Amino acid sequence: MSVPIIQPRALFGLRASIPRNVFFVTDMEVLYPCGAVIIIHKFTEKRQKYIKLMEKSVRTDYIAISPKRTMCAIVENTTPPQVLIYDLESLKRKRTLTLPADAEAKRIECIDFSHDGRYVMVLSGEPDWMMYSFNWERGKIETSVRANYPNNPTGVSRVICSPGDNSNVVLIGNGLFRMMIMQETVWRQYGYQKAEHLNITSCCFLGVDRILIGTVDGLLLLVEVGELKFTYEATVVKQISPKADKDEEEALAVGSATLLARTPVPEADINKDRAVRALIAFTRGFAYSCGAGMVYFFEKTAPSKYVRRNIYKIDEPDYREVQKEEANVIRHLDINPSESYLLATTYRSHIYSVKLWGLDYSIAGEVLFTFLCETYHSGPVGGLATCIWKPIFMTCGAIDRTIRIWNYDTETIEMMKQYQEDIHGVSLHPTGLYAAVGFSDKLRFMTVMIDDLEVIREFPIRECALSSFGNMGHYLGAVNRDIIQVYSCVTFQIMAFLKGHNAKVTGLAWSTDDRKLVSCGTEGAVYEWDMTIGKRVGEVVTKGISHTGCCLTSDAKFIYVAGQDGVIREIFSSNITRTFDMNHKNLTGITLARSDLMMFVCSKAGSIFSLKMPLSEPMEYTNFQYHHSPITGIKLSMDDLTLITTSTAGVVGVWKLSQTEGRTIPVDKDFAYFNEILISQNDLEEKLATIRDLTQRMHELEMEHEYQMRHIEATYKDKMKDIHVTYTDAMDLLKENIEMLEMNHNTELSNITSDMNVMKERHEVAMLELEAKYNAQLIIVYDRYLALEEAKDTMIKDYEIKLAELEQSKTKTIESLTRTNESKLFNLSKMLDESLAEIEKERKDHDEMTRQIEDDNDREIQALRKGYEEGLAFEKESNIRLRGEAGVMKKKYLSAQKEISAIHMEIIFLESEQQKFKVSTRNLEKEISDLKKEVNERDSTIQDKERKIYDLKRRDQELERFKFVLNYKIKDLKNQIEPRDKEIREKKERISSMELELENLLKINSSLDINLTFMRDKLNQTFNSVRVYEKKYHRIMKTIKNVKIDIYNVSEHIQDFKLLQKGVAEMFHKYVSQDEYAFGRKNEEECQAEFTRQREYLERIVHELRRQVEKQREVHYGENMDFIEMNWAVMSEIYKIRKELKAAKRKVQDLELLLCFKTSKIYSPRKALQMVQEALKDPDEIRAEAGAAMEEATRRTELMKEEIKRLVDIYDKMKKDMPKEKEKTTHKQQKDFISFVIND
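For the sequence shown, the UniProt record's numbering begins at 1 and goes up steadily by one.
Have a look at this one:
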């Protein structure tokens, strides 16, 4: 069996570390980096194409696309650094560009395409700082130049190519601005270059010779034709134009001088929020970013004038680690080919878009950016969870503090919620309706609503990063540091407390039936737990190995564990049976299919390994490198056909599995994903009520519309009749005009036809005459032409004969001279032979003879050469003369040709005259057609007028309808205004009465304060009295008990009257003695005197307090509304306390009366016993109620006292800060409120 293959369905994320990281390819396709790939995302259809980068793609630092958006260049700062060129149509690599072998630079800083896309400008880093011009199609460096100044080796941040000239580029950096032009393969600097004190952050070409520069301190510099023209404040400027008047030029000169003379600002003092970033120019304007999340858009209104049209803004985020100004800084802007949408990216992993050419800033204000597609995680993804019933999975962000629920079928986000505290982990219930989320303080059990997460229960587990629901859904396992706590999802009770790990737990795996739980930790331990008894049943400890994840087979017999050492261990019956080395360090996760026939492992390098199952040595697997950062989570869907991964770079990957035949467990054919959601009863009732209200409103609108239509039809029926009559008359008049025009047209047409016939006859006669005349002339000319042709042929033959004769004579002469010279040479040779025989004897004579013979020969040769040259000259002259005669004949021939051409021109002229007649005929025919067209146009005009009449009728109907609606609204508003006016009058009267009652209420308030103090003292007295009564009650109960014992003893003598009488008498003397009564009365009188003395003392205190309150009432006359409301609450509480105190007092008085504490009357023992029994039917209830009431009253009184004191302090503080007018208004509001309270 082959290894399962994974294919990316959707990758959600953006590499925000790359400065230029999003580009429009077409109006509907966007290119951006994600993980170890480049995505071309068609956001209208949610389709993605991928450019697979190099395996070690973590060094991707820069991206550029060609102006025609067909090629893409990617900088890979590997060893050595290189530039990869890709075709965006075929998604294949076309060329790899590398720096020269002698280059010392270790990285490439920036690249840019030329305007025609043939060249790539590559800027290398330190220490070289060289700019290379590559012809990427050939892969050759054509030119190069040092990018920075040799005497000032500052860094260069970017190279920008001219939009219309391959030989013109700009280099910018901190203290660097160089305009370079190439002349004969040599780069030279020109124009403005005094930028030593400028930290330039961005630059763009507004034209071939116009450049706009942005600096870190919020300045815009306009350079035209190599000269600095203007300097602007980026956040203030509203118009940019190189053509300024004289005053503006003088102001510019001062500004430029100040700019050049200023000293450089230290890096620490620069406000980075003011930096001008992401300058981008296009045909209809330009845009740039200045400030956190702000984009300024300028429209081109003239060839050299730009006006600010809009300001776009990105909402500020809520981040933990990244500062707000840094997170919201816009790093890159790009515009689509049709220039209707603008893209922006920040340090967050989101792509923002905004529609251009809407309402301008003066009308719409700041326009907010929106998300182009789904929002991505910013920062690491801390948790990943899947479910069974729904095609969803849940993730949480470690930095952005968001929880997102994704649908891997539709590839969309179903819900996102952001929190103000850190989120450490998530898990999802198999039903998809519940979730467990680990926060910093607690683990919260939540319900998944349609657009929210609601907390059901909280568990005291801090920073829970790992939790897992059982496969059956009734267990929740949560890791509390090194302890695993298992809760019931029904009762929320803790079912097991699993201890054993002594380090962080990194993995949990449930068996299919939830009877077993497997856990692993960083200390190298793997434990197997039996959940039926809540105890450990198996363990394997591998010291020095940190485990990162575990999984369990479907029969719960085999355990597979992944470790940071790159080894997968197979455990069976608490023993490591096999180990499999992946040869890749730092494995971070492992997952196993339900069929146990597919296993996937991920690593810290961002690799996903698909393993061949069952495992064997050597291991067979396939490495899929789509992530460039450590993978934090890996899960399989319920049907084992979708794989989900997350990484620390915020990338979420959804993968489709192929070649899975025979490796998956088929899903029940009746199984369907669960579409239902949870909704609260209140939300459902509100929605149903809204539906009912809207239905009722629709019915009312339909009735209103029907009434309006009937009214409109009745109103405009007469007008329609009048308009129809007018229209009919106009139609009749137009028909008469048409008939008259047709008659005139027919008459003109007949006249034109007769004239045309006469002209045709004349033209035919003239043509015949001209043809006869020119035929005769042509015959004469032709005869002359033939005679000239014969003379020319005869002359040519004569000259050819003469030339032949000359050639023959020349040949004969040359032959004779040759024979003569040959004979002489023969004689000389013979003489030479003779001389050679005598060479020893006559050497000197021979030399002399030879010299003489040579001289003679030279003279003869010269004479012969001269004769031949003279003959040749004569022949040349003859030839020239003959050529002159031939030229004369040729001129005669040309003159004859000219005459012939003149005749031809006459013929052409006559033909042109004929054509003119034909044209005039066609013009007349065209006039006829024009007249017909005019008739048709008049018909169309009539139809247009009819259409306008109809439009006017319809508009009139709409106006009448609008008028009816306005009248109805006016009546409705009048009906609403009348009761409101009446209500206003009533309220005015009520306000006046309230003002009158304000003083009374203040007096009542002061009296209530006094009563409150008095009642508090009374309450204390009552509480003391109750304690005394409780003591008396216990004493009485003891006496009653003794009486009952004595009665029981006396009852034994019930048959013996004497003993019974004696016993009763003894009881009487024992319990009812005169001394006791006298003593009781004496105590009662002493108590009464003490109570009287205390009462007088309290009355004196109350009198003094009343005097003080009256004095303070004059000082604090005005009280604010909150104080009055609180006083009203205090009065209500006092009233309740007063009622409770009255009831308690009545109960106490009843007890006193029943127990004879306030009377001198002496009852018999039987009567006293009867009264005591009646009084003590429910003593516990009486005591409990009285005590609770008194405690509650005391507590409320103390609380009200503290609240009153707090409000008084607030009021005093407000009164000090409040103006006099506002204080008067507050007094008036207090009066209104007090009167309202009294009336209510």
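Don't be surprised by glycine CBs; every beta carbon is placed ideally from N, CA and C. Just so we're clear, the structure is a prediction, and the values are computed from it rather than from any experiment.
By how many angstroms is the C-alpha of residue 11 removed from the C-alpha of residue 464? 28 Å
Straight-line CA distance for residue 215 to residue 298? 18 Å
Going by DSSP, what residues sit across from residue 572 in a beta bridge? BP columns for residue 572 point to 558, 575.
Nearest-angstrom Cα separation, counted from residue 539 out to residue 501: Spanning the two alpha carbons is a distance of roughly 10 Å.
Let's see if you can read the secondary structure: which residues bound the alpha helix (DSSP H) around residue 170? Taken as a continuous stretch (DSSP letters only), residue 170 belongs to no alpha helix (DSSP H), being part of the beta strand (DSSP E) at 168 to 173.
Per-residue burial, residue 548 [other beta carbons within 10 Å of its own, 16 or more giving buried]: buried
Per-residue DSSP class, three states only, for residue 830: helix
Among the candidates 960, 1004, 1198, whose CA atom is the shortest distance from the CA of residue 716? 960
Length of the line joining the Cα atoms of residue 478 and residue 596: 25 Å
In whole angstroms, give me the CA-to-CA distance for residue 1099 and residue 991. 38 Å
Cβ distance (whole Å) where residue 426 is taken to contact residue 385 below 8 Å: About 5 Å; that satisfies the 8 Å criterion.
Please tell me whether residue 572 and residue 590 are closer than 9 Å, where the distance is taken between their beta carbons. no
Is DSSP giving residue 495 helix, strand or coil here? strand
Chain-order list of residues whose beta-carbon lies under 7 Å from that of residue 346 (same chain, five-residue window excluded): 314, 327, 328, 329, 330, 331
Nearest to residue 447 (by Cα), restricted to the options 1012, 712, 456: Relative to the Cα of residue 447, the nearest Cα in the group 1012, 712, 456 belongs to 456.
Those residues which DSSP pairs with residue 656 across a bridge: 7, 642
Give a yes or no on contact between the stretch 742 to 761 and the stretch 941 to 961, applying the rule of three or more CB pairs nearer than 8 Å. no
Report the start-end ranges of each beta strand (DSSP E) in the stretch 267 to 321 that is 3 residues or longer and not cut off at the edges. 276 to 282, 285 to 290, 294 to 302, 305 to 313
Nearest-angstrom Cβ-Cβ length linking residue 8 and residue 626, presumed shorter than 8 Å: 6 Å
Let me know the secondary structure DSSP gives residue 436 once reduced to three states. strand
State the DSSP-derived secondary structure class of residue 195, mapped to helix, strand or coil. coil
What do you reckon, are the CB atoms on residue 647 and residue 666 nearer than 9 Å? no
Simplified DSSP state of residue 20, which is helix, strand or coil: coil
Cα-Cα separation, residue 246 to residue 230: Caution is warranted here: a pLDDT of 45 is assigned to residue 246, below 50, making its placement in the model unreliable, and the coordinate value is therefore given only provisionally. Going from the Cα of residue 246 to the Cα of residue 230 covers about 13 Å.
Status (buried if at least 16 other CB within 10 Å, exposed otherwise) for residue 624: buried
If I follow the unbroken beta strand (DSSP E) through residue 32, where does it start and stop? Counting along the chain, the unbroken beta strand (DSSP E) around residue 32 starts and ends at 29 to 34.
Assuming residue 1059 is part of the alpha helix (DSSP H), what are its boundary residues? 1057 to 1071
Range covered by the beta strand (DSSP E) that runs through residue 229: 227 to 233
Starting from the Cα of residue 499, find the closest Cα among 530, 443, 473 and give me that residue. Comparing C-alpha distances from residue 499 to each of 530, 443, 473 shows the shortest one belongs to 530.
Okay, do the stretch 605 to 624 and the stretch 367 to 375 touch, 3+ Cβ pairs below 8 Å being the bar? Contact between the stretch 605 to 624 and the stretch 367 to 375 is absent, because fewer than three Cβ pairs lie under 8 Å.
Mind checking residue 989: buried by the 16 CB within 10 Å criterion, or exposed? exposed
Determine whether the beta carbon atoms of residue 196 and residue 155 lie at a separation below 9 Å. no
Distance, residue 1001 Cα to residue 1219 Cα: At residue 1219, the pLDDT of 47 sits below 50, so the modelled position is not reliable; the number obtained from the coordinates is stated separately. Looking at the two C-alpha atoms, the distance is approximately 25 Å.
Does DSSP put residue 1104 in a helix, a strand or coil? helix
Assuming residue 219 is part of the beta strand (DSSP E), what are its boundary residues? 219 to 224
With contact counted as at least three CB pairs below 8 Å, one residue from each stretch, are the stretch 387 to 406 and the stretch 435 to 453 in contact? yes
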